[in-house]
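**Q**
Numbering (full-length UniProt numbering), first residue to last: 1 to 385.
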């Protein structure tokens with residue numbers, strides 16, 4: 001193990017030297033051995049951006065790298081003070097959300113939430129997929145917050161950062177506890193996921209749907225199983241996601257398909273097929289988001305492209321930058337979701353025409369907020385220890 005200052009670190013080089021940075025990543029040995037990261041999305045595990053030193057493994061001639069264990073999923077308990085996170089972004093339709101977990105085992109290489117792991121002193125790369133944080137008190141915290149005098153009801157969004165139905169939910173069941181609280185209080189909720197595990201909670205969701213308190217968005221990034229396996233290694237397969245849309249729709253739950261993210265020259269050609277397949281499965285509306293590469297996500301994604309699609313690398317990144325003012329990412333409100341420029345305009349027009357053709361333009365019925373019954377507050381006092 002060796003250390004060096006993060007100043008000038010290649011992985012965070014500016015966009016105009018990105019190709020040089022990519023070459024440095026490959027030649028420097030920063031990429032983690034395949035056997036150690038099998039079944040994971042990222043090929044790198046760079047030090048968090050707030051850390052003073054960068055650490056990297058290297059072969060010292062004693063074959064010590066062969067002794068390093070594979071990355072395994074580890075879960076730590078997080079004790080937040082509140083369950084609800086407030087949001088003021090003009091790019092989103094919600095002002096509050098809940099995140100049952102920090103980090104995500106799905107390992108989607110494009111995930112814009114990866115940089116949040118830096119706040120925990122961890123990497124946005126493999127750490128984000130393997131060193132996870134669970135919030136088992138989330139349901140109790142939520143019940144306490146909903147019981148506060150003067151609480152104003154607005155739709156709570158879940159799954160806007162990391163997936164609430166990632167694999168560890170099978171054991172921790174935090175999301176189900178949250179839904180039980182929301183259902184009992186008749187509180188509206190909007191859920192985004194790419195996991196078929198949501199069907200486990202169909203009993204609660206169907207009951208909430210009967211009162212118009214829930215809508216669900218299923219992310220379908222590609223219909224290509226090979227691409228999905230490489231890009232989203234531990235997420236549900238494309239057929240399973242379509243089956244999930246069908247099951248939710250059949251249960252009377254407002255269900256939308258989210259073609260997100262669209263990656264130019266990689267999956268954007270599938271846009272019309274994704275919408276058509278989702279409509280056939282029962283989706284009532286659709287949306288899309290252009291690939292976002294904030295902070296550490298950019299070098300991670302570029303390295304992934306070099307590994308899996310080296311022949312498309314320059315074309316993909318050229319189109320990405322054409323939609324981001326020549327940069328890998330533009331965080332300006334109003335542009336970060338859809339991009340700008342001729343190529344972004346073309347995708348927007350294709351989406352509009354396809355959505356009309358497949359009758360996916362119907363606006364969802366607004367969720368009700370007049371049925372809310374505040375919890376009585378009994379039994380929600382948390383331990384001070």
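C-beta: ideal position from N, C-alpha, C; glycine also.
Quick check: residue 38 and residue 68, are their CB atoms within less than 8 Å of each other?
**A** No, they are not a contact pair.
**Q** Relative to the alpha-carbon of residue 258, which residue among 282, 283 and 288 has its alpha-carbon at the smallest distance?
**A** 288
**Q** In the DSSP output, which residue or residues are listed as bridge partners for residue 204?
**A** The partner list for residue 204 (beta bridge, DSSP) is empty, contrary to what the question assumes.
**Q** Ordered along the chain, which non-local residues of its own chain (more than five positions away) have a Cβ less than 7 Å from that of residue 384?
**A** For residue 384, the predicted model reports a pLDDT of 44, less than 50, meaning its position is unreliable; a value from the coordinates is still stated below. The answer is none, since no qualifying residue turns up.
**Q** Answer with buried or exposed for residue 365, where buried requires no fewer than 16 other C-beta atoms within 10 angstroms of its C-beta.
**A** Label assigned to residue 365: exposed.
**Q** Distance check for residue 303 and residue 27, CA to CA, integer angstroms please.
**A** At residue 27 the pLDDT is 45, less than 50, meaning the model places this residue with poor confidence and gives no usable figure here.
**Q** Quick one: Cα of residue 87 to Cα of residue 309, how far?
**A** When rounded, the distance between both Cα atoms is 36 Å.
**Q** Rounded to whole angstroms, how far is the Cβ of residue 246 from the Cβ of residue 282, which I believe are closer than 8 Å?
**A** 5 Å
**Q** Count the other C-beta atoms from every protein chain shown that fall within 10 angstroms of the C-beta of residue 293, then say buried if there are 16 or more, exposed otherwise.
**A** buried
**Q** From 45, 325, 265 and 256, pick the residue whose C-alpha is nearest to that of residue 362; which is it?
**A** 256
**Q** Cα-Cα, which of 85, 165, 200 and 201 is closest to residue 154?
**A** It is 85 whose Cα lies nearest to the Cα of residue 154.
**Q** Hey, is the stretch 158 to 167 in contact with the stretch 89 to 107, meaning 3+ C-beta pairs nearer than 8 Å?
**A** In short, these stretches touch, since the Cβ pair count reaches three.
**Q** On the DSSP letters alone, give me the boundaries of the beta strand (DSSP E) that residue 297 sits inside.
**A** First-last for residue 297: 297 to 308, but that is the alpha helix (DSSP H), not the beta strand (DSSP E).
**Q** For residue 265, name the three-state secondary structure that DSSP assigns.
**A** Coil at residue 265, not helix or strand.
**Q** Can you tell me whether residue 345 is buried or exposed, with buried defined as 16 or more other CB within 10 angstroms of its CB?
**A** exposed
**Q** Quick check: what's the CA-CA separation for residue 181 versus residue 141?
**A** 10 Å
**Q** With DSSP as the reference, identify every bridge partner of residue 193, one or two as the case may be.
**A** 218
**Q** Check for me: the alpha helix (DSSP H) holding residue 170 runs from which residue to which?
**A** 169 to 172
**Q** Can you check which of these residues, 273, 338 and 106, is closest to residue 224 by C-alpha distance?
**A** Answer by Cα proximity: 273.
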